[in-house]
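Residue numbers (the working numbering): 147 to 521.
Contents: one structure, followed by commentary.
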Amino acid sequence: MRCSHHEAGECRSCTLMGLPYERQVVDLEREVREVLADAVPADVWQAPFVGPESAFRNKAKLVVAGTRDAPTFGILDAAQRGVSLPECGLYEPHLAAALDRLVPAVAELGLTPFDVPGRQGELKHLIVTGSPHGELMARFVLRSPGQVGRIRRGLDALRAAAPGLRVVSVNLQPEHKAVLEGEEEIVLTDEETLPMRLDDIVFHLRPRSFFQTNTVVAAGLYRQARAWVDEIAPRSVLDLYCGVGGFALNAAMAKGADARRVEGVEVAPDAVASARRSAAELGVAADFRVGDARVLDEVDHELVVVNPPRRGIGPRLCAAIEAAAPRHVVYSSCNARSLAVDLAALPGHRVVEARLFDMFPQTRHHEVIVLLERR
147 MRCSHHEAGE
157 CRSCTLMGLP
167 YERQVVDLER
177 EVREVLADAV
187 PADVWQAPFV
197 GPESAFRNKA
207 KLVVAGTRDA
217 PTFGILDAAQ
227 RGVSLPECGL
237 YEPHLAAALD
247 RLVPAVAELG
257 LTPFDVPGRQ
267 GELKHLIVTG
277 SPHGELMARF
287 VLRSPGQVGR
297 IRRGLDALRA
307 AAPGLRVVSV
317 NLQPEHKAVL
327 EGEEEIVLTD
337 EETLPMRLDD
347 IVFHLRPRSF
357 FQTNTVVAAG
367 LYRQARAWVD
377 EIAPRSVLDL
387 YCGVGGFALN
397 AAMAKGADAR
407 RVEGVEVAPD
417 AVASARRSAA
427 ELGVAADFRV
437 GDARVLDEVD
447 HELVVVNPPR
457 RGIGPRLCAA
467 IEAAAPRHVV
477 YSSCNARSLA
487 VDLAALPGHR
497 VVEARLFDMF
507 PQTRHHEVIV
517 LLERR
């Protein structure tokens, strides 16, 4: 993959740009295997799962800078000034096409961009997510609610520019710090969720829902987990950090699901509501509840699935899993180093299968999933 912005030195986000993709995957697999060598035997690794090296990303996060009359949408330079970069070779084609039309329409709204050095202005970021079927969700990250009315009045113009626009919201981030978004979200459209179909499951993404940005590889990750559920046929599954239900819903759709109890635990209420909606549409028996997996003390299931943030699951949850001694654990991780620490804290289980998923081509970021079996 080649990128004019990278070659011109305007953007360095893709740290492996210029290295042949096959070499990227080989190097990444070697690095991950080395980090996990003490816990994952060499002979249990499957071939890495890869998708397209470009045009794979379903989400654009654009920093807004410049002036009201001449806003920039893209990134910030070293001096914290805006660099116009609304297009990117990583975006899925329908998302890229939509941004070509949507960004000028947003500029026409007349919102004052936030100036980082001066700590003035309103519009900080524009975040746009696209579904495989061409529908869009656009989020405006503002410093204060003062410009919400202007965006609301401009909804028709935004929809005219991007007919697939389904959800528009405002996120309020009043603090001057390196945090993308704040806690308060104001949905401006009647529709509050973006349907995201992966294989036979439709997930319903709310504005603050976490979802993998690589649609093709995310689908492959869930297929792998479902294949393991097919193979081990657990009678009960507990999905911790379940989000919108990716692993739990796939477990509920796997072979033998009629006799399987599936539960999901997630700290974000919106994500739980989305997971429940998907389960109802599928007609599957899966129970989702709001809770913090980090302080879960009781685990009573044959299979436990964990998909934590980069920090991992930590010693307390590892101890709870060890005490419960489920027959199997599926651990999906975006940080091999924290995964290695957690695997060392699960001595009652051994890794029997492992696979690397290149969720973030052109970078060293990764996703790795392992299947553990009780010793």
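Beta carbons are placed, not taken as given, at the ideal position from N, Cα and C, and that holds for glycine.
In the three-state DSSP reduction, Leu182 falls in the coil class, being neither helix nor strand. In this chain, the alpha helix (DSSP H) harbouring Met399 covers Gly392 to Met399. Listed in chain order, the non-local C-beta contacts of Gly392 below 6 Å within the same chain comprise Tyr368, local neighbours out to five positions each way being set aside.
The C-beta distance from Val294 to Ile332 rounds to 6 Å, short enough to meet the 8 Å contact threshold. As the crow flies, the alpha-carbon of His271 is around 5 Å from that of Val210.
The C-beta distance from Trp191 to Arg179 rounds to 7 Å, short enough to fall under 8 Å. The C-beta distance from Arg312 to Leu351 rounds to 10 Å, too long to fall under 8 Å, and the pair is not in contact.
With 16 or more other Cβ atoms inside 10 Å of its own Cβ, Ser479 counts as buried. Here the region 377-385 does not lie against the region 341-360, with fewer than 3 beta-carbon pairs under 8 Å apart. Here the alpha carbon of Ala242 sits roughly 8 Å from the alpha carbon of Gly235. Ala417: member of the alpha helix (DSSP H) spanning Pro415 to Leu428, first to last residue. The region 428-437 and the region 464-473 do not touch, with fewer than three beta-carbon pairs separated by less than 8 Å. Distance from the Cα of Met147 is smallest, within the candidate group Gly164, Leu517, Arg176 and Glu153, for Gly164.
The alpha-carbon separation between Val262 and Glu268 amounts to approximately 10 Å. Taken in chain order, the complete alpha helix (DSSP H) segments of 4 residues or longer contained in the region 233-321 are 239-254, 294-299 and 301-307.
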